[in-house]
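*Asks:* Per the working numbering, the sequence shown starts with residue 316, numbered consecutively. Cβ atoms here follow ideal geometry from the backbone N, Cα and C, with glycine treated the same way. Predicted model only: the values in this text are computed from it and were never measured.
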Amino acid sequence: MALDLSALTAYVDEQQFNLATAALVGGRTAGFLTPQLGVKGETKINKMDVDVTMQDGSGCAWNASGDATFTQETIDAKQVKINMEFCPKDLNAYYWRTQMPAGTHQESLPFEAQFANYLVAKVQDELEKVIWQGDASGSTGTNLDMFDGLLIDAANFTDCNGTSGSFGTALTGSINVGNVLEAVERIYVEAPSAAVAQNDFRCYLGVDKFRALVSAIMNGQGGPSLFATNLATNGSVDRADVDPLRIILPGTNMEIVGVGGLNTADKVVGFSSSNVFLGMDLAEDSSNIESWYSQDDRKFKVAMEFTMGVGIAYKSEVAKVII
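(1) Using the DSSP secondary-structure output, state which residues sit across from L406 in a beta bridge.
(2) For R613, write down the residues that DSSP places opposite it in a beta bridge.
(3) Roughly how many whole angstroms lie between the Cα atoms of G449 and V584?
(4) Going by beta carbon distance, what residues of the same chain come within less than 7 Å of E329, once the five residues before and after it are set aside?
(5) Counting only the same chain and skipping the five closest in sequence on each side, list residues whose C-beta sits under 7 Å from that of D382.
(6) What is the DSSP secondary structure of D364, reduced to helix, strand or coil?
(7) Of all the options L434, K393 and P350, which has the alpha carbon lying nearest to the alpha carbon of T336?
(8) Which of the three DSSP states, helix, strand or coil, is assigned to D440?
(9) By DSSP's criteria, M569 is part of a beta bridge. Which residues make up the other side?
(10) Could you tell me the distance, in whole angstroms, from the CA atom of V633 to the CA atom of A376?
(11) Would you list the residues sitting across from Y608 in a DSSP beta bridge?
(12) Could you spell out the range, first to last residue, of the beta strand (DSSP E) harbouring S587?
(13) Using three-state DSSP, classify R343 as helix, strand or coil.
(14) Within its chain, find whatever has a CB closer than 6 Å to the CB of I637; leave out the 5 residues flanking it on each side and keep chain order.
(15) The beta strand (DSSP E) that contains Y503, what's its start and end?
(16) Taking a contact to mean a Cβ-Cβ separation below 9 Å, would you say N578 touches D523 in this structure?
(17) In three-state DSSP terms, what is V522?
(18) Can you give me the start and stop residues for the beta strand (DSSP E) that V690 sits inside?
(19) For D391, which of S452, S587 and L486 has the nearest alpha-carbon?
(20) Apply the 10 Å Cβ neighbour rule to D558 and answer buried if 16 or more other Cβ atoms are within range, or exposed otherwise.
(21) Below 8 Å, can you find three or more Cβ-Cβ pairs linking the stretch 558-578 to the stretch 483-493?
(22) If I follow the unbroken beta strand (DSSP E) through A383, where does it start and stop?
(23) Alpha carbon to alpha carbon, how far is D553 from T567?
(24) Using the rule of at least 16 other Cβ atoms within 10 Å of the residue's Cβ for burial, across every protein chain shown, is F332 buried or exposed?
(25) Indicate whether G576 and G624 have their beta-carbon atoms separated by less than 9 Å.
(26) Taking C-alpha atoms, which residue in E422, V504 and A598 lies nearest to Y608?
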């Protein structure tokens, strides 16, 4: 006697409803920029400079000298929206059927909470790329067309990869384990001194280059560089705020940050957070989701709307190593 199972299909368990999602670096850069709120479109960053003229003060004469000069830079913020819709009945043909409510009238999705959480994370991940690489005049058909990113002004940044500074030669090829220490060191040495002196001056590079940097430190790369000397003097590199993608350049105030928006790019950029602005209407807009069941077409709909753009007050105070 035996069980005849030839007419059956082997059972595959599909009733595990904790949805796996792809790993994301996340929107890291936005948290390091200076927020400018109430932005609904093109908005100005207002700047002021003051001339200081010192005079001989041994006499009593009053000689007024010096001007206060007001100028502006632009945050070309754009209004962005995300619209999605789903028909709940489409799930009835698949394993989600067991999670659907009884009755033909279905007004919700069984994975709604998980979907909403991941959508917010995915939006922040995409905005991270636009904040750096966006070009509103582009026609790529991707999210990078939404608004201008920081690198749109790269031609006006202080170039730290020249041949006339402290290093004599320029880095060529690509940024890798063998030269990433020098690329970071060039930002610290060649950037404008007033910018580096700020407590919020940071050096940014892609997460891939950041990992190369850590590997170089671990393997003693860099030769007789400032980085190698300070590393030997001060011991280990400190972690900042227990973030595995942030370290402090030993012996300095400069933090080094790995960000997803520069992934795969042979670019290292340094700036003070108080010099770079993130324009938004409300800070929470890009993480707010509206969802509802539409009785008109019997579909579940999702919408997000926000305004965003970036702007740099003093472009020459941003330092770059671009190969």
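*Replies:* Looking at the atomic coordinates:
(1) Assignment of beta-bridge partners to L406 by DSSP yields no partner.
(2) Its beta-bridge partners do not exist; DSSP assigns none.
(3) In a straight line, the C-alpha of G449 is about 16 Å away from that of V584.
(4) Excluding the 5 residues flanking it on each side, E329 has same chain C-beta neighbours closer than 7 Å at Y410, in chain order.
(5) Within the same chain, D366 come within 7 Å of D382 by CB-CB distance, once the 5 residues on both sides are set aside.
(6) Strand.
(7) Among L434, K393 and P350, the Cα nearest to that of T336 belongs to L434.
(8) DSSP places D440 in helix when its eight states are reduced to three.
(9) DSSP output for M569 lists no bridge partner at all.
(10) Straight-line Cα distance between these residues: approximately 42 Å.
(11) In the DSSP assignment, Y608 forms a beta bridge with F615.
(12) The continuous beta strand (DSSP E) containing S587 extends over residues K582 to S587.
(13) In the three-state DSSP reduction, R343 falls in the coil class, being neither helix nor strand.
(14) Hits under 6 Å: K582.
(15) Not the beta strand (DSSP E): Y503 falls in the alpha helix (DSSP H), residues V495 to E505.
(16) Pairing N578 with D523 gives a Cβ-Cβ distance under 9 Å.
(17) In this structure, V522 counts as helix in the three-state DSSP scheme.
(18) Here the chain comprises residues numbered 316 to 638, so residue 690 is not present and cannot be evaluated.
(19) The candidate whose alpha carbon is nearest that of D391 is S452.
(20) D558 should be labelled exposed.
(21) The stretch 558-578 vs the stretch 483-493: no contact.
(22) Per DSSP, the continuous beta strand (DSSP E) segment holding A383 begins and ends at A383 to D391.
(23) Residue placement at D553 is poorly supported in this model, since its pLDDT is 49, which falls under 50; the coordinates still yield a value, given next. Approximately 11 Å, taken between the alpha carbons.
(24) Label assigned to F332: exposed.
(25) No, they are not a contact pair.
(26) Nearest of E422, V504 and A598 to Y608, Cα basis: E422.
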